[in-house]
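All remarks here apply to the structure that follows.
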Amino acid sequence: MILERQIIHYALFVSAFFLSQSYLAQKDVLKLLPGSKKANYFEETDLLKLEGDVNFEYQQNTMFCDSAYYFEKAEIVRAYGNVHIIKENLNIFCDSAFFDGQAEKSKLWGRVKMRDGDYKLTTDSIDYDSASGRATYRNHGVIQKINSKERITSKVGYFYPDTKNYHFQDSVKYTNESLTMTTDTLQFDYAKQISYFFGKTKIKKDSADIVSTYGWFHTKKNLGYLHGDAMFKDPEKTLFADTIFYNDSLQKIEAKKNVHFTEEKNNIRIQSNYLLKDESKDVTFVSECVLAELIQESDTIYIHSDTLRILPDTIDDQKMIFAYHGVRIFNTQIQARCDSLSFIETADLMTLYSSPIIWSENAELKGDSMQIHLKDSLIDHIDIYDNASVIMELDSGTFYNQISGKDIIALMKKGKLVQTDVYGSATSIYFPEDEEQTDSLLTIKRMGLNKLEASTLTVHLDSGEVTGITYRTQPTGVFYPMDQINIKDKWIKNFKWNPMLRPKDFSTLDND
818 MILERQIIHY ALFVSAFFLS QSYLAQKDVL KLLPGSKKAN YFEETDLLKL EGDVNFEYQQ
878 NTMFCDSAYY FEKAEIVRAY GNVHIIKENL NIFCDSAFFD GQAEKSKLWG RVKMRDGDYK
938 LTTDSIDYDS ASGRATYRNH GVIQKINSKE RITSKVGYFY PDTKNYHFQD SVKYTNESLT
998 MTTDTLQFDY AKQISYFFGK TKIKKDSADI VSTYGWFHTK KNLGYLHGDA MFKDPEKTLF
1058 ADTIFYNDSL QKIEAKKNVH FTEEKNNIRI QSNYLLKDES KDVTFVSECV LAELIQESDT
1118 IYIHSDTLRI LPDTIDDQKM IFAYHGVRIF NTQIQARCDS LSFIETADLM TLYSSPIIWS
1178 ENAELKGDSM QIHLKDSLID HIDIYDNASV IMELDSGTFY NQISGKDIIA LMKKGKLVQT
1238 DVYGSATSIY FPEDEEQTDS LLTIKRMGLN KLEASTLTVH LDSGEVTGIT YRTQPTGVFY
1298 PMDQINIKDK WIKNFKWNPM LRPKDFSTLD ND
């Protein structure tokens, strides 16, 4: 809730006196009460002049002052010196007061104070125009709740007693026990029960900070709207957007356009054009060009997708993240594409679905689905399920070392692919190197093509080069010198190299 409901009483408080002025147009007669020390009537000017401890009733108000001038025909009353006006439980103090029944105007000026049992208003002067139904102060006003820290200050204030609306303008500041608000303009529509604020607005409520250039708050429904460089920040999260809408009763917050969302405790940052957070369930839904940053101790994983969901995990108050459609991943260790993914924080496990592709250095990994296992914020290994393959580019695309099988476990060390364990119909195609010394020149040459097939294989790697192969069952194999390579043995089944699909940078994930 941005504004406490108590602020409504400001309009009602000031209205209590000026509502009585709606009968200024009615014929009324000043009733002199005991106490005046001197009274003179001047017939030629229709003036009744009262002096010394003046006490009278006029238009249902009891008034005290040092002196008063009453023009009955003109329906004008002027009161001077220590003016005190009483209307029911409302007390008004000022240096002078003026009432014009025919013009339907009244004015209080000079150290004006209005007070009832709950609030007091202090200002330099107040004007009231019955025709427009507006009371105004123009030279700084303060409204203070008695025995409370709740108060509002502004340079200009407008009150509409008939509608109970108010309008504060220029250097507006509202404070209470838990909230501070500064803005250029603050309006309240009594019929709609909505407070509006205009201009650069800053709100601090408890531990939350709120900023926007325009907004409103529905006092009964606990609905709020922020627009224009809007920001909401508390110890757990920070949200920037063009527009923020929130439902305090349902604990839901919605943001649109240029959304930037950060959850500190979960080390996640999100950019998008739409976000909906249900704080009662701790569920976040994000869509429209999503870029999420999963901040790890030693690295950051960037995820781009059409849609993102963040759900609570019942274990250790951690998160589960689900990204859908057109998913692209960038990290210093790997880059990837897939249709959708899930990330279980407690398990340090990211699962990629629907024929994902992962790139690591010069290697391309493919399968029907994959699981990325993290350890100490680094990728420990990648499980590739069904139609699994690893392809490594050599010599700028002249040759490709290739591994395939039903499933593959790809082990990584310090961000580098160092081993693949292949299970089911394991195949390895690689081009071993040989060193040739000519005088002082060392030349590395490809010896030929080596192809091995077995039920399982473990292939050891260094920068894409095969450094060793371990097998548990006797493999079948063939070696072709470079000039005798059989073209059908040069490629694994369904070989395809996809460099154009590889994300190049986190900042261009939405275009890659």
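Mapped onto the working numbering, the consecutive letters of the sequence shown carry residue numbers 818 to 1329.
Don't be surprised by glycine CBs; every beta carbon is placed ideally from N, CA and C.
- Under DSSP, residue 984 takes part in a beta bridge, and its partners are 975 and 1004.
- Note on residue 1299: under 16 other CB atoms within 10 angstroms of its CB, so exposed under the neighbour-count rule.
- Counting the other CB atoms within 10 Å of its CB gives residue 1289 a total below 16, which places it among the exposed residues.
- Of all alpha-carbon atoms in 1273, 1148, 1092 and 1277, the one lying nearest the alpha-carbon of residue 1126 is that of 1092.
- In the three-state scheme derived from DSSP, where H, G and I count as helix and E and B as strand, residue 1135 is classed as coil.
- Collapsing the DSSP output to three states places residue 1041 in a strand.
- Closest by C-alpha distance to residue 1267, out of 1141, 1007, 1245 and 1276, is 1245.
- A Cβ-Cβ distance of about 6 Å is found for the pair residue 1187 and residue 1200, placing them in contact under the 8 Å criterion.
- For residue 1288, DSSP assigns no beta-bridge partner whatsoever.
- Here residue 1026 carries a strand assignment [DSSP, helix/strand/coil].
- In the DSSP assignment, no residue is bridged to residue 1302.
- For residue 1149, there is no enclosing beta strand (DSSP E), as DSSP gives it neither H nor E.
- Between the alpha carbons of residue 1115 and residue 1204 lies a gap of roughly 32 Å.
- Residue nearest to residue 1145 within the set 1136, 1139, 1156 and 1137 is 1156 (criterion: CA-CA distance).
- Looking at the DSSP output, residue 957 sits in no beta bridge, so it has no partner there.
- Taking the CA atoms as reference points, residue 1021 sits about 27 Å from residue 955.
- The region 1164 to 1183 makes no contact with the region 1094 to 1110; the number of CB pairs closer than 8 Å stays below 3.
- In the DSSP assignment, the residues bridged to residue 1276 are 1237 and 1286.
- Scanning its chain for C-beta atoms nearer than 6 Å, with the 5 sequence neighbours on each side dropped, one finds around residue 1271 the residues 1243, 1288, 1290 and 1292, in chain order.
- Looking at the DSSP output, residue 1188 sits in a beta bridge with 1168 and 1200.
- When secondary structure is reduced to three states using DSSP, residue 1173 falls in the coil class, being assigned neither helix nor strand.
- A Cβ-Cβ contact shorter than 8 Å links residue 880 with residue 896.
- Linking residue 1212 to residue 1029 through their CA atoms gives a straight-line distance of about 56 Å.
- Around the C-beta of residue 1171, fewer than 16 other C-beta atoms lie within 10 Å, and the residue is accordingly described as exposed.
- Between residue 969 and residue 990, the C-beta gap is smaller than 8 Å, which places the two residues in contact.
- DSSP places residue 949 in no beta strand (DSSP E); its state is neither H nor E.
- Beta-bridge partners of residue 1067 (DSSP): none assigned.
- The DSSP assignment places complete beta strand (DSSP E) segments of no fewer than 3 residues inside the region 1058 to 1136 at 1069 to 1080, 1085 to 1095, 1100 to 1112 and 1117 to 1129, in order along the chain.
- Judged by beta-carbon spacing, residue 925 lies within the 8 Å limit of residue 914, meaning their Cβ atoms are closer than that value.
- Cβ contact annotation for residue 960 (same chain, cutoff 7 Å, sequence separation greater than five): 827, 936, 938, 968 and 969, in chain order.
- In this structure, the beta-carbon distance from residue 927 to residue 953 does not fall below 8 Å.
- Linking residue 978 to residue 949 through their CA atoms gives a straight-line distance of about 10 Å.
- Here DSSP, grouped into helix, strand and coil, assigns residue 1048 to strand.
- Look at residue 860 here: in three-state DSSP terms it is helix.
- Per DSSP, residue 1317 is not a residue of any beta strand (DSSP E), being assigned neither H nor E.
- Comparing alpha carbon positions, the residue from 1238, 1007 and 1068 closest to residue 1223 is 1238.
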